[in-house]
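Inspection log for the structure reproduced underneath, given as structure tokens.
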Amino acid sequence: MEYWGFHMAYQLKDQDVTPPAVDPAEKRSIAADGLAAVAMVLLTAALITLILTQIID
Numbered sequence: 065m066e067y068w069g070f071h072m073a074y075q076l077k078d079q080d081v082t083p084p085a086v087d088p089a090e091k092r093s094i095a096a097d098g099l100a101a102v103a104m105v106l107l108t109a110a111l112i113t114l115i116l117t118q119i120i121d
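Just so we're aligned, residue 65 is where the sequence shown starts under the working numbering, counting upward by one.
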């Protein structure tokens with residue numbers, strides 16, 4: 065088969081593209097990582113606010 069003058073040297077074959085089942089432990093780990101990230105953002109914002117209130121006063 066030619067496409068714009070190029071010859072394809074391979075053929076696409078049917079492949080199983082079904083994703084693997086999600087491990088419940090991995091799912092919990094991902095959720096814990098997300099919760100930790102949100103907590104770090106909130107603590108950082110609180111620390112910045114505390115520092116700014118000390119500087120401004």
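For each residue, glycine too, the CB sits at the ideal point set by N, CA and C. Owing to the predicted nature of the structure, the values given are computational and were not obtained by experimental measurement.
Beta-carbon proximity list for residue i, same chain, < 6 Å, skipping 5 on both sides
i, result
"Ala100", "none"
Three-state secondary structure (DSSP) of residue i
i, result
"Val105", "helix"
"Pro88", "helix"
"Ile75", "Residue 75 is actually Gln in this sequence, not Ile. Three-state result, Gln75: coil."
"Thr82", "coil"
Residue i versus residue j - alpha carbon distance
i, j, result
"Ala109", "Leu116", "11 Å"
"Ile120", "Thr113", "10 Å"
"Val102", "Asp78", "41 Å"
"Leu107", "Gln75", "54 Å"
"Gly98", "Pro88", "15 Å"
Same chain, Cβ closer than 7 Å to residue i, five either side skipped, listed in chain order
i, result
"Glu90", "none"
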